[in-house]
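This note's numbering puts the first residue of the sequence shown at 1, with every later residue one more than the last.
Working notes, structure below.
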Amino acid sequence: MKKSSGIFLMREINKKMKFMVDKELSVIKSKISQRKEVNRMKLIKFFVILLWLLIFAVSVKAGDLYSDEPYDKYGNPQYRYEGLSGTRYQYDLSDPCDRLEYQLDLDAQMRDRINPNPGIQLDRELDQYGGGAEW
């Protein structure tokens, strides 16, 4: 009888230990799950802030690009190149740097397409290539 009561006692201890280990494992799994959720929320928050900053930066820069003022933010004249006809241009298209800037400035390209100034055609006939003509 002692032998069977010892086995019974060992089984009970084994059940209680298994219960305690299972309980501890469930607590650990719960904490890990909570941490993953917190990390996921932090990541989402980071990307939302990053997106907002990107939109803000682009809108601020866009305001600088489409200014109708005759001077840029450094006080330099916006129309730096003058053709033989007297037409003033924002870009000197014989300069590679100005040509690249002109290709990126859609506003200047549109001004050139719809500008009624006959001096633009005269400058082109005289091999004077400017971009972003002044109205």
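Every residue gets a Cβ at the ideal spot worked out from N, C-alpha and C, and that includes glycine.
Sequence-distant residues of the same chain with beta carbon closer than 7 Å to residue i, five excluded per side
{"i": "L122", "result": "S85"}
With 16 other Cβ atoms within 10 Å as the buried cut-off, status of residue i
{"i": "G6", "result": "exposed"}
{"i": "M108", "result": "One detail in the question is off: residue 108 reads as Ala in this sequence, not Met. Buried, since its Cβ has 16 or more Cβ neighbours within 10 Å."}
{"i": "Q128", "result": "buried"}
{"i": "Q90", "result": "buried"}
{"i": "I120", "result": "buried"}
Reference residue i, options the options, closest by Cα
{"i": "L106", "options": "R124, A133 and P118", "result": "A133"}
Contacting residues, own chain, Cβ-Cβ under 8 Å from residue i (five flanking each side not counted)
{"i": "N117", "result": "T87, A133 and W135"}
{"i": "R111", "result": "G132, A133 and W135"}
Sequence-distant residues of the same chain with beta carbon closer than 6 Å to residue i, five excluded per side
{"i": "E82", "result": "R88"}
Three or more C-beta pairs below 8 Å linking the stretch 91 to 99 and the stretch 43 to 63: no
Uninterrupted alpha helix (DSSP H) stretches inside the stretch 27 to 113 (no shorter than 4 residues): 96 to 104
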